[in-house]
Amino acid sequence: MPARHPSGGPRVSTDPERAAAALIAGSLVALPTETVYGLAAVASDRTAVARVFEVKRRPADHPLIVHVDSLASARQWVLAFPEPAAALARRYWPGPLTLVLPRAPWVPDEVTGGQPTVALRVPDHPLTARVLELVGEGLAGPCGVVAPSANAFGRVSPTSAADVMASLGGRLGPADLILDGGDCRVGLESTIVDASGGELRVLRPGAVLVDSATGQPGDGEVAVLPRVPGSHSAHYAPAAEVVIASGEELLAASASPIPEDLGTGLLAPVGIETPVGWIRLASPTDDVEFAAVLYRGLRAADDAGLHRIVVVPPTTGGLLPAILDRLRRAAR
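In numbering that gives the first Met the number 0, the protein residues as written are 0 to 331.
So, in structure tokens, the structure goes:
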């Protein structure tokens, strides 16, 4: 039997069949992906989708990403799937890429935030892939689940089942479930590319690096339209204040340490020393590891009751744009 939270909250399980059954029954399930954990509901179930907004306290006009099991399934949700978008899907799905496309007429407004587009992706996690397969077998019609990050809106995204329980355990009920798939491999939300018009536009940077003009790997660029998940100026924020610093700025701070300052945490690449009195949160070796531990470090600071988090981001690496994007939003 799956474990149950002592307060009577959601069950915790490693069984994708239980997760699929819960979704089909109209419950919410926190699903693991390669990016972060998502709070899932069957996308065609308006009541369940409304609960996602309620549990997360998410604005009703904020669109949701529909997670599907394949490119073939994704085509059922759209009016058109332009070839440049299909080429990206074939190259990067399953994986941390979300495509924004013209929605089919039947797609609920609750999913799209009332916009003429729908956001789609195929997640890369074996447990969730199996859940999507089972849900598709159990439901008639196009299959997909909405799955925004399984945390209170605007706060730090969860990268483990324990994070989900800490953030939403008190808001989920005994019919809901957390599917424990271990720690997320990537640790940052997916790249979002708007493919609804004639050109590709990167709306949110992530682990997939797409050049807007060619659809080929590149540094990407950040835009703000249409509305997409994670596009609020303040997002991914811990309770503690987040300060972004360079290695040189941190070195200057180390020259005059404040021994009694026990309220500051440091997240910085390995090799950067921790000022006296500060608490080290993580020492990643490169941009990939930095992305994977970023949210974990922010959560650890809140768990320790710290008032300030100084973050020294890496200076190179393909994930740098995504890391800086999340840090800038967390620091506002």
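Every residue gets a Cβ at the ideal spot worked out from N, C-alpha and C, and that includes glycine. Values in this document were obtained by computation on a predicted structure and should not be read as measured data.
Residues that residue i bridges to, as DSSP identifies them
i      : result
THR263 : ARG307
PRO101 : THR116
ALA39  : VAL28
ASP193 : VAL99 and ARG200
GLU109 : Partner(s): none; GLU109 has no beta bridge.
HIS66  : ARG120 and VAL144
ARG17  : DSSP output for ARG17 lists no bridge partner at all.
ALA236 : ARG154
VAL77  : ARG102
SER72  : Answer is none; SER72 lacks a bridge partner.
ALA281 : LEU266
VAL241 : ILE308
Minimum C-alpha distance to residue i - residue among the options
i      : options                           : result
VAL121 : PHE152, LEU70 and ALA149          : LEU70
GLN75  : SER166, LEU297 and GLY140         : GLY140
GLY316 : ARG17, GLY197, ARG200 and ALA290  : ALA290
ARG102 : TRP92, PRO62 and LEU126           : PRO62
ALA303 : LEU280, ASP285 and ASP60          : LEU280
VAL11  : VAL41, LEU202 and VAL163          : VAL163
ALA47  : ASP175, SER159 and GLU248         : ASP175
PRO320 : LEU249, LEU265, ARG307 and VAL201 : VAL201
ASP68  : GLU198, GLU53, ASP60 and TRP92    : TRP92
ASP193 : PHE52, ALA20, ARG129 and LEU96    : LEU96
CB-CB length for residue i against residue j, believed under 8 Å
i      : j      : result
VAL99  : ALA118 : 5 Å
HIS124 : GLU33  : 6 Å
SER72  : GLY168 : Wrong, their Cβ atoms sit about 31 Å apart, outside the cutoff.
LEU27  : VAL51  : 6 Å
With 16 other Cβ atoms within 10 Å as the buried cut-off, status of residue i
i      : result
ARG331 : exposed
SER245 : exposed
GLY229 : Residue placement at GLY229 is poorly supported in this model, since its pLDDT is 49, which falls under 50; the coordinates are not used for a value here.
ALA212 : In this predicted model, ALA212 has a pLDDT of only 42, less than 50, meaning its place in the structure is not dependable enough to derive any value.
VAL275 : exposed
HIS306 : exposed
ASP60  : exposed
GLU82  : exposed
VAL269 : exposed
Chain B within 8 Å of residue i, Cβ atoms only
i      : result
ARG203 : Looking for chain B here will not work: only one protein chain is present.
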